[in-house]
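Let me begin by presenting the structure, written as structure tokens, before commenting on it.
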Amino acid sequence: MMEELYQEIILDHYRRPRNKGKAEPSDISAHDSNPLCGDEIDVTAKLVDDKIAELKFDGKGCAICTASASIMTQKLVGKTLPEATQFIDGFLNMMRGAVPFGGKEMGDLKALEGVLKFPVRVKCATLAWNTAQQGIQERATKKS
Ligand code: ZN
């Protein structure tokens, strides 16, 4: 039952991805790919008052990759960069099989935990998150 619900969440985000496109002009921009599956992703973000005001993803990916990116954009909007980094770390830890972080904040992300049963697909689920983190780090290096 739960598995079906999670499947539905993933398919819904895959069919109707949220925040697809490019944030322009962007303060953060990063690209990464997952050659194992053929996923390609661009993550762009616009900052206002040090918070992520707009976060978008573009590219082509499988259902898991696209759904994960779509959910990520919804989770990270409104966060400061340190908050976003912390959230990303929490998600990546979950995808390494560690204890899930803050249950309430997880929401739709719970759907992606099922991917852990398919180790080959974990990279699909984490691609957008790693790309976002890369972009945030690059931005931090540029600033200092
Ligand atoms: Zn994939």
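Per our numbering: the sequence shown = residues 1383 to 1526. Using N, Cα and C, we set each Cβ at its ideal position, and we do this for glycine too. Keep in mind that this is a model prediction, so the values were computed, not measured.
Item, Value
"Residue from T1513, K1524, Y1388 and A1445 with nearest C-alpha to P1399", "A1445"
"contact_flag[the region 1390-1399, the region 1408-1418] where n(CB pairs < 8 Å) is 3 or more", "no"
"Counted within 10 angstroms of its Cβ, other Cβ atoms place N1475 as buried (16 or more) or exposed", "exposed"
"Through-space distance from L1437 to G1460, alpha-carbon basis", "9 Å"
"Heavy atom of the ligand ZN within 7 Å of N1512 beta-carbon", "no"
"heavy atom of the ligand ZN below 7 Å from I1446 C-beta", "yes"
"CB of A1466 within 8 Å of CB of L1458, strictly", "yes"
"Closest residue to R1478 among D1431, R1503 and M1454 (Cα-Cα distance)", "R1503"
"Nearest candidate by alpha-carbon position, reference D1421, set M1488, F1469, G1403 and A1510", "A1510"
"Between the CA atoms of E1385 and G1472 - distance to the nearest angstrom", "22 Å"
"Backbone secondary structure at A1480 - three-state DSSP", "coil"
"S1408 in three-state terms, based on DSSP", "coil"
"Spatial distance of T1462 from L1387 (CA atoms)", "31 Å"
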